[in-house]
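Below is one structure; the comments refer to it alone.
Residue numbers (the working numbering): 900 to 1211.
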């Protein structure tokens, strides 16, 4: 229980710091979102009317009051109002989140499957040149920019091969290329860490004993090596959640999907501080929760870590 309380406390500290840093940085941005939208001569608003609008958004009070007001609002689920759309931020996020969750969830699942397939095949392949070629693929995947990969997939599978329609696609077809665009770069570090971990575990004495008893390479890999090689891969998977969120933003922009990524791009363009603050904190919460779960799962998978956690 002390280990759990300590990790939860650390997670809360990270969230508070993330919120404070985000608030300070967004307030330091040049320009004012209210003025950007309402100071246009086409609207014909007087300075007094613009001041009233700024007051309605709470932009006319000192920063420390804005900070406390934002904190108290976030604690009860009130993320404020979008200056650009004039609607509550939680409504914008509620409309955009399902698209992003579907993309990120499927992208991560495909990345894990691709990484496991690459690591296993690069270990079991019958020829040295083939194993080496498979080992080099993650290095290629991780160096490919997400936006470039998305454009290439559209050119090849939509325009050249006509396998996935760009216009008039059903919901499933519309997810295929974005999921691949997101999954391929994410799978690269997972595959590299898993393959190296498999190599290390295969040198362990207990694996030599299992082989001496006549077990084949596939049986040794699947039943004896894979579980022990899993821990470093789980760690890197938790860290990659941050890249998954960033990749989703770029992918949704490339494919024109109406998710959180598209909302972020529009909020940055319009300096919609309330929307940006909510999205950054949402991403921080997801990142912290996933890494907290990873830390709590570790002692379950490895009893030696459980003893260390209890003793600490």
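The beta carbon of each residue, even a glycine, is placed where N, CA and C say it ideally should be. Predicted, not measured: the structure shown is a model, and the values here were computed from it.
In whole angstroms, what separates the C-alpha of residue i from that of residue j?
i, j, result
"residue 1086", "residue 1147", "14 Å"
"residue 929", "residue 1169", "12 Å"
"residue 910", "residue 961", "29 Å"
"residue 913", "residue 1121", "37 Å"
"residue 946", "residue 952", "10 Å"
"residue 1099", "residue 1123", "13 Å"
"residue 903", "residue 915", "19 Å"
"residue 1004", "residue 1081", "10 Å"
"residue 956", "residue 991", "17 Å"
"residue 970", "residue 1108", "58 Å"
"residue 996", "residue 1110", "49 Å"
"residue 1178", "residue 976", "13 Å"
"residue 1094", "residue 1128", "8 Å"
"residue 1040", "residue 1065", "24 Å"
"residue 1114", "residue 1125", "15 Å"
"residue 1173", "residue 1048", "32 Å"
"residue 1050", "residue 1059", "12 Å"
"residue 1138", "residue 948", "47 Å"
"residue 950", "residue 959", "8 Å"
"residue 1092", "residue 1015", "10 Å"
"residue 1150", "residue 1160", "8 Å"
"residue 1106", "residue 1112", "10 Å"
"residue 967", "residue 917", "15 Å"
"residue 1055", "residue 1061", "8 Å"
Measure from the alpha carbon of residue i to the alpha carbon of each residue in the options, then state which is nearest.
i, options, result
"residue 1074", "1130, 996, 1154", "1154"
"residue 1198", "1164, 1131, 1173, 1009", "1131"
"residue 1133", "1011, 1062, 954", "1011"
"residue 980", "1091, 954, 927", "954"
"residue 926", "1187, 1167, 1196", "1167"
"residue 1088", "1003, 989, 1110, 1007", "1007"
"residue 1036", "1020, 1065, 902", "1020"
"residue 1038", "1084, 970, 1005, 986", "1084"
"residue 974", "983, 1055, 989", "989"
"residue 1097", "984, 1119, 1078, 1115", "1119"
"residue 1045", "1016, 1079, 917", "1079"
"residue 1052", "1030, 1077, 1034", "1077"
"residue 994", "1193, 1162, 1196, 1175", "1162"
"residue 1171", "964, 982, 978", "982"
"residue 1176", "1117, 1195, 907, 965", "965"
Which residues bound the alpha helix (DSSP H) around residue i?
i, result
"residue 1060", "No alpha helix (DSSP H) holds residue 1060; DSSP gives it neither H nor E."
"residue 905", "901 to 926"
"residue 1041", "1027 to 1041"
"residue 1050", "1045 to 1052"
"residue 1104", "1104 to 1111"
"residue 954", "946 to 955"
"residue 1212", "Nothing about residue 1212 can be reported from this structure: the residues present for the chain run from 900 to 1211 only."
"residue 980", "Looking at the DSSP string, residue 980 is not in any alpha helix (DSSP H), and its letter there is neither H nor E."
Establish whether the CB of residue i and some CB of chain C are separated by less than 7 Å.
i, result
"residue 978", "Among the chains of the structure shown, chain C does not appear; only one protein chain is present."
Run through the DSSP bridge pairs and tell me what residue i is partnered with.
i, result
"residue 1088", "Answer is none; residue 1088 lacks a bridge partner."
"residue 987", "980"
For this session: Specify whether the segment 1168 to 1187 and the segment 909 to 927 touch according to this definition: at least 3 beta carbon pairs, one from each stretch, less than 8 Å apart.
Result: At 8 Å Cβ cutoff, the stretches touch.
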